[in-house]
Each structure stands twice: as C-alpha cells, then as structure tokens.
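S.K.:
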Amino acid sequence: MGTPEFAAPTLHALLAAGPQHNWQVVAVATQPDRPAGRSKQPVSSPIKQAAQVAGVPVLQPASLRKDAAAVEALRHLAPDVIVVAAYGLILPQSVLEIPTFGCLNVHASLLPAYRGASPITAAILDGLTETGVTIMLMDEGMDTGPVLRQAVQPIQPDDTTATLSARLADQGAALLVATLVDWRRGAVAPVAQSALPGAPSSCRLIKKEDGRIDWTQPAALIERMTRAYTPWPSAYTQWKGEPFKIIAATVMPGAAAPGQVIRTAEGAAVGTGAGLLHLRTVQPAGKRPLDVRSFLNGAPDFIGTRL
C-alpha cells in the first residue's frame, strides 16, 4: 500500500526480493487517480504505474473505512503481511487484522518523533542534523504502533525535502526487506514507542499557504523553508502583486527592514527579523527558475523594493 514516489523503492525491493525469500506481491493498493497539471486529466500514482509495469493487480479504494467491498477484496487475497509506505489512507481495525503477520509501515522519521503526514519536511524546518526511517507494526493510532527496526540518516546542510526523501526511501526499502525476513521467522521483538528515547511529536499535512514567507521571521528559518518546501509548495512571497518563489538562499550577517531588498556584492539579499537572506535562485511568476544575477540583469528595479 503506497502512493507517492517515496513508496516506489519499497515496492521494487519487495518484488526483487521475492524469489530469494519465497514471497509474492499479490496486489498493490494505492489512492485513486487524481487530476493534475493544466489539463486536470486524471493521473495514476507512481505506485500504480510501477505495479502495472510489474504486472501486479492494483486496488484503488477511495476509503478503507467506508468501503466494505474494498476491505472484503483485501480479505479475499489472504495476505500474510501488508506493507505500507506513504499510502495516505487510514487503515481501520478491519484491515489491520487481516494479515497473519500484521501491517508493517515504512515511516520517514525516528519514531516517536514526527508522527504524521510530513516528517521529512518537518525535520528540515526544525533544523535537525539527522533523521531516519522506522519500520513499525501498525495499530489504529497515527504512527503509534510498536517499532521493529530503525536506521539513522544524516541531514545535509543543502538537503531539500526532495533529496532527503530519495535517500530515506531507498534506506527504508532496504530496512523493510531485512526486517520482514526476520519478522517472519520470529527474530524481531516489537518495542513500544514509550520505551524509546525522545518525546512523541507530530506533524500535519503541508498546505500551499505554509510556503508563504513571513519576513519578520529569522533568516535561518526562512532559509530552511526554501529547502523544506522543495519541491512543493515552494517558499514564496509577493513582488509586484505576483507570487515570487525563493528557490535557494543562504543566511548572511547584516540587517535591513523585514522584506526590504538590498544589493550585495553577490547580487541581492532581503531583510528579515534576524539577519539577511541572500538570494541564490529565484522564480518570478510565469518564469523559469533563475540564478539571482541573471534575474537582476532583467529586473534591476528589484533592488530597493519591499517584498
């Protein structure tokens, strides 16, 4: 069960390991096709596309809590285990109790930290230097089940949600396969999250408005926003009444009024609540991303404006 690109390495790993470990992926469940792009035509999830290439049957219920037929279809498959990676739908008890070996979740944080929908983005926003992946035995709570295995992943200073997600997806896939092998033969003991270090924390689903920059905030936080909200929804502000994306930036010493654009030796910086945000890559409305020098060549009036 999975939907976005993050889940693809786990599916590929399960398919590749099948012959060696004598298992078979009997079905894939993913969210229904969604309208996308300017055409708003329905688009299949990355997991549906991968399953179709592999010849694996695909289920696409809109809900597992309200669709009794979908639950019955899962029950009919009689799975030994259900593997979940960024599925996006809540699994009710009627689903959790179907597989003999339970439902194993690949979660992109070191639980109990960052339970919820956006653990990678939240870790970057909070300025952490490391995060990781957890293989968890699911229960009815939001990422509250006992932990089977964990692995640490460093967060690099230039990591975006996109780059960190890619590494965590690969790490989670490998850890899931290794854990599943041991779990089937009774060689893994579940550990309650209350017995693990750190206090529980949660993170919510990201919304487009989360990317709007408040220039009274410190430059360090805004810089982390530019990375945490890549690829979506981007960190953005307003210039000439239009959205203006800050794709990449660095923090530099100095001061200016919040939102005030000033010239620097390397281009332009913006005043914040603490320090200056030096702009590296920007994207005006309707344009492609540009390095700040190229942008200023075509828009010299940017200097001196207030964002």
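With the numbering used here as the guide, the letters of the sequence shown map in order to residues 85 to 391. Just so it is clear, CB atoms sit at the ideal spot from N, CA and C, and this is done for glycine as well. Predicted model, so just to flag it, every value in this text is computed and none were measured.
1. What residue from Glu350, Ile306, Val165 and Met336 has the CA that sits closest to Lys329's CA?
2. Closer than 6 Å by C-beta to Asp266: which residues in its own chain qualify, once you throw out the five before and the five after it? Chain order, please.
3. Going by DSSP, name the residue or residues bridged to Leu221.
4. How is Lys124 classed by DSSP in three states: helix, strand or coil?
5. Name the DSSP bridge partner or partners of Pro302?
6. Taking the alpha-carbon positions, what's the Val142 to Pro88 distance?
7. For Gly359, which residues of its own chain have a beta-carbon under 8 Å away from its beta-carbon, when the five flanking residues on both sides are left out?
8. Taking the straight line between their C-alpha atoms, what separation do you get for Thr218 and Arg233?
9. Short check: CB of Pro368 to CB of Pro284, under 7 Å?
10. On the three-state DSSP scale, how would you describe Gly382?
11. Starting from Trp323, trace the beta strand (DSSP E) both ways and give me its first and last residue.
12. Would you mind reading off the limits of the beta strand (DSSP E) that contains Val231?
13. Quick check: the stretch 177–186 against the stretch 94–108, are at least 3 beta-carbon pairs closer than 8 Å?
14. Might you give, ordered along the chain, the residues of its own chain that have their beta carbon closer than 8 Å to the beta carbon of Arg251, omitting 5 neighbours on each side?
15. May I have the straight-line CA-CA distance separating Leu209 from Leu363, to the nearest angstrom?
16. Hey, quick one: how far does the alpha helix (DSSP H) through Pro130 stretch, first residue to last?
17. Ala445 by DSSP, collapsed to three states: which one?
18. Suppose the cutoff is 8 Å on Cβ atoms and the five residues either side in sequence are ignored; what does the same chain contact list for Gln136 look like?
19. Taking only beta-carbon positions, decide if Thr263 is within less than 7 Å of chain C.
20. Does the Cβ of Gly355 have 16 or more other Cβ atoms within 10 Å, making it buried, or fewer, making it exposed?
21. Determine the contact status of Val140 and Val167, defining contact as a CB-CB distance below 7 Å.
22. The alpha helix (DSSP H) with Ala253 in it runs from where to where?
23. Give the DSSP bridge partners of Glu326, in chain order.
24. In three-state terms, what does DSSP make of Thr205?
M.R.: So, from the listed chains and residues:
1. Ile306
2. Cβ contact annotation for Asp266 (same chain, cutoff 6 Å, sequence separation greater than five): Val272, in chain order.
3. Under DSSP, the beta-bridge partners assigned to Leu221 are Leu188.
4. In this structure, Lys124 counts as coil in the three-state DSSP scheme.
5. Ala358
6. Each residue's alpha carbon lies about 15 Å from the other.
7. Pro302, Ala303, Ala304, Val335, Met336, Pro337, Gly338 and Ala339
8. 6 Å
9. no
10. Here Gly382 sits in helix by DSSP.
11. Ala319 to Trp323
12. Val231 to Pro238
13. no
14. Excluding sequence positions up to five before and after Arg251, its CB lies within less than 8 Å of the CB of Gln237, all in the same chain and listed in chain order.
15. 18 Å
16. Pro130 to Ala138
17. In the structure as shown, the chain begins at 85 and stops at 391. Residue 445 is therefore absent and cannot be evaluated.
18. Ser128 and Val142
19. Although the question refers to chain C, the structure presented lacks it and comprises just one protein chain.
20. buried
21. no
22. Thr245 to Arg268
23. Listed as beta-bridge partners of Glu326 by DSSP are Trp323.
24. helix
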